[in-house]
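Under UniProt numbering, think of the first position of the sequence shown as 1, with each following residue one higher. The structure under discussion appears below in the form of structure tokens.
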Amino acid sequence: MRFEIMRLDDVDGTPVDTTVVDAASVNQIVQQAAAIGQRLWIRPASSNAS
């Protein structure tokens, strides 16, 4: 399964960067974001996301 991860702006929460990764990569990305206090929005990737 693949997930879309959006990094959110610290001020207003708007998405500033989007990436699609496999399930095995989600944990690593979440831990990195938590270490620096970055906000993420994670959702299952649609079949046409790249």
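Ideal Cβ positions, reconstructed from N, Cα and C, are used throughout, including at glycine. As the structure is a computational prediction, the values presented were derived from the model and not from experiment.
Beta strand (DSSP E) segment containing residue i, residue limits
| i | result |
| --- | --- |
| V16 | P15 to D22 |
| M1 | From DSSP, M1 is part of no beta strand (DSSP E); its letter is neither H nor E. |
Euclidean distance between Cα positions of residue i and residue j
| i | j | result |
| --- | --- | --- |
| L8 | P15 | 4 Å |
| Q28 | D12 | 25 Å |
| Q32 | T19 | 15 Å |
| S47 | A35 | 30 Å |
Presumed contact (8 Å Cβ cut-off) between residue i and residue j, rounded CB distance
| i | j | result |
| --- | --- | --- |
| V30 | F3 | The pair is not a contact, with the Cβ atoms about 10 Å apart (cut-off 8 Å). |
| M1 | A23 | 5 Å |
Contact check, residue i vs residue j, beta carbons under 9 Å
| i | j | result |
| --- | --- | --- |
| R39 | D10 | yes |
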